[in-house]
Every structure is written in structure tokens, then in C-alpha cells.
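Student: Numbering (the UniProt record's numbering), first residue to last: 1 to 232.
This is the structure we're talking about:
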């Protein structure tokens, strides 16, 4: 009998060695993959935490205080619409603001509108050519308001639909326009009622002298007359 190992025995030993080696490789690779996944999980967790922290800080910086919100919504001027023993009125008769500012009309008593003199409202034009006309419609709830923002510099004449004939007219001066170039400062159109035409002339006097609105007079290429007090 030969002392040399048989071919089958040698192959068996070799096969066992290969299997053992492969098992070792698989174990080391598995541990390496697990370690990598563990490291990636820790990194992602850290990044998520940082992102949440940044989002919280960002949101906190974007919040507006109530005071800031209220200050941006206030009107530049307020006009009261009223009916009393002396008649119907806009108070003040002339309001002065800057371009981009808003006027709020508030109903104190009676039933009124604030309506621009413009073809869109079936009236002669007495606002700047490229300005937007407005019409509140009839307001009859005490304390109700109507707002309009004036983007274009100029003079704007307006009236109350039910009370135009009794002289319930008003004027808004936006910015510092050249008065002689303004439709609102022109001679009242002949198709307007006599009482309305007279009221418009009175408003023009107020604009030139600064009366009623509490501001200084506006300059013109012609010398304006002095202040004119109005009964309405």
C-alpha cells in the first residue's frame, strides 16, 4: 500500500481549505458593509438634525410682528361721509396724499357713495387721464368703509351719487402736480348741474390755497386767490 495520499483525499483537503477561505472573506465583507451602512446612517441622521435646526431658525426669522402688519395696512388719509343738520358732507373736502397711498372713506351717517368724475361713471373726466376711476356703490351701514389707492399724481374730483346736486363733492390731491395741467382744476363742464359747477370752483379754490386739508397752497402758473371757506 502506498504512503502517498489518494487524489480524492487531496481534493477533499483542498476543497475544505477553499470553503474555509471563502467563509472568511464573506465574513469580513459582511462586516465591512455593515460598518459602512452604520457610518452612512449616522451621517444622514446628523444631516437631518442640522437641516431641522436650520429650518427652525429660518422660520423664526421670517415671522412678522403684529405691529409691522398693522402699520403697512393703515391708510394715508381718512375721509368721513356724513349727513347732519347742515346737509351732506365729505370731511375733509380736500385730502392730500402721495402717489401709491390709500384713502379710506368711512360712513358716519346717512347713505352715500364716493364716485370719481370719469367717463367710466358716465360723468365728465375730472381725474388724470391715465388714472383709474372708482365707484364705491351706495354705502348705508354705519361704520362701513371703502378704500382706493392712488397711483398717479394729479387732482381727482369725486362726488356722492345721491347728493351731487346738493353739493356733496370732494377732491384728492396726489403728490405735487402742476395744477394748470389737471382736468380736476379746469373750468367745470357745462353739462354738470349749476350747483355742482359752483362746488367744483370752491374746491379748486381750496386746492390752490391749501384750505380745509391743512396743507400749504399748491402753486400754479397763475396767481391763486386766497382761501375760500365752504358751507358744506
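Here a beta-carbon is modelled for each residue, glycine too, at the ideal position from N, C-alpha and C.
Values in this document were obtained by computation on a predicted structure and should not be read as measured data.
For residue 117 and residue 187, what's the separation of their Cα atoms in angstroms?
Tutor: As a first step, residue 117 must be located in the chain shown, where it is residue number 117. As a first step, residue 187 must be located in the chain shown, where it is residue number 187. Cα to Cα, the separation comes out at about 14 Å.
Student: Given a cut-off of 7 Å, decide if residue 150 and residue 136 are closer than it, judged by their beta-carbon atoms.
Tutor: Walking along the chain shown from the start, residue 136 turns up at place 136. Walking along the chain shown from the start, residue 150 turns up at place 150. The answer is no: Cβ separation not under 7 Å.
Student: On the premise that residue 81 lies in contact with residue 114, defined as a C-beta separation below 8 Å, what is that separation, rounded to the nearest angstrom?
Tutor: Residue numbering aside, residue 114 sits at position 114 when the chain shown is read from its first letter. Residue numbering aside, residue 81 sits at position 81 when the chain shown is read from its first letter. That belief holds up - the Cβ atoms of residue 114 and residue 81 are roughly 7 Å apart, short of 8 Å.
Student: Could you compute how far the alpha carbon of residue 166 sits from the alpha carbon of residue 99?
Tutor: The count along the chain shown starts at 1 and reaches residue 166 at position 166. The count along the chain shown starts at 1 and reaches residue 99 at position 99. For residue 166 and residue 99, the distance between alpha carbons rounds to 30 Å.
Student: Run through the DSSP bridge pairs and tell me what residue 160 is partnered with.
Tutor: The residue given as residue 160 occupies position 160 in the chain shown. According to DSSP, which records beta bridges pairwise, residue 160 is partnered with nothing at all.
Student: Going by DSSP, what residue range makes up the beta strand (DSSP E) through residue 200?
Tutor: Looking up residue 200 in the chain shown gives position 200. Element bounds for residue 200: not the beta strand (DSSP E) but the alpha helix (DSSP H), 194-209.
Student: Measuring straight from C-alpha to C-alpha, what distance separates residue 127 and residue 87?
Tutor: For the purposes of this step, residue 127 is taken as residue 127 along the chain shown, with counting starting at 1. For the purposes of this step, residue 87 is taken as residue 87 along the chain shown, with counting starting at 1. Cα to Cα, the separation comes out at about 25 Å.
Student: Assign residue 144 to one of two classes, buried (16 or more other C-beta atoms within 10 Å of its C-beta) or exposed (fewer than that).
Tutor: Residue mapping note: residue 144 aligns to position 144 of the chain shown, counting from 1. So residue 144 counts as exposed.
Student: To the nearest angstrom, how far is it from the Cα of residue 163 to the Cα of residue 131?
Tutor: Locating residue 163 in the chain shown gives position 163, where the first residue counts as 1. Locating residue 131 in the chain shown gives position 131, where the first residue counts as 1. In a straight line, the C-alpha of residue 163 is about 24 Å away from that of residue 131.
Student: Go ahead and label residue 154 buried or exposed: buried means 16 or more other beta carbons lie within 10 angstroms of its beta carbon, across all protein chains shown.
Tutor: Reading the chain shown from its first residue, position 154 is the one you call residue 154. So residue 154 counts as buried.
Student: Residue 195: buried (16+ other C-beta within 10 angstroms of its C-beta) or exposed?
Tutor: Mapped onto the chain shown, residue 195 falls at position 195. So residue 195 ends up on the exposed side.
Student: Suppose contacts are defined by Cβ-Cβ distances below 7 Å. Is residue 179 in contact with residue 199 by that definition?
Tutor: Residue 179 sits at position 179 when you count from the first residue of the chain shown. Residue 199 sits at position 199 when you count from the first residue of the chain shown. No, the Cβ-Cβ distance between residue 179 and residue 199 is not below 7 Å.
Student: Roughly how many angstroms separate the alpha carbons of residue 105 and residue 189, rounded to a whole number?
Tutor: Taking the first residue of the chain shown as 1, we reach residue 105 at position 105. Taking the first residue of the chain shown as 1, we reach residue 189 at position 189. Those two C-alpha atoms are separated by around 26 Å.
Student: What are the partner residues of residue 106, as DSSP defines its beta bridges?
Tutor: Indexing the chain shown from 1 puts residue 106 at position 106. Answer is 80 and 145.
Student: Nearest-angstrom Cα distance between residue 108 and residue 124?
Tutor: Here residue 108 corresponds to residue number 108 of the chain shown, with the count starting at 1. Here residue 124 corresponds to residue number 124 of the chain shown, with the count starting at 1. Whole-angstrom Cα-Cα distance: 28 Å.
Student: I need the straight-line Cα distance from residue 204 to residue 75, nearest angstrom please.
Tutor: Within the chain shown, residue 204 is the residue found at index 204, counting from 1. Within the chain shown, residue 75 is the residue found at index 75, counting from 1. One C-alpha to the other measures close to 24 Å.
Student: Please go through the same chain and pick out, in chain order, the residues whose beta-carbon is closer than 6 Å to the beta-carbon of residue 183, but skip the five residues on each side of it.
Tutor: For the purposes of this step, residue 183 is taken as residue 183 along the chain shown, with counting starting at 1. Taken in chain order, the residues that qualify are 125 and 126.
Student: Whole angstroms is fine: what's the gap from residue 161's alpha carbon to residue 96's?
Tutor: Numbered from 1 along the chain shown, position 161 holds the residue referred to as residue 161. Numbered from 1 along the chain shown, position 96 holds the residue referred to as residue 96. The straight-line gap from Cα to Cα measures roughly 22 Å.
Student: According to DSSP, what are the bridge partners of residue 93?
Tutor: Within the chain shown, the letter at position 93 stands for residue 93. In DSSP, residue 93 forms no bridge with anything.
Student: Hey, residue 171 and residue 159 are a contact pair by Cβ (cut 8 Å); roughly how many whole angstroms apart?
Tutor: One-based indexing of the chain shown puts residue 171 at position 171. One-based indexing of the chain shown puts residue 159 at position 159. Actually they do not touch by this definition, with Cβ atoms about 10 Å apart.
Student: Quick one: give me the first and last residue of the beta strand (DSSP E) that residue 170 is part of.
Tutor: Within the chain shown, numbered from 1, the residue matching residue 170 stands at position 170. Run containing residue 170: 169-174, per the beta strand (DSSP E) assignment.
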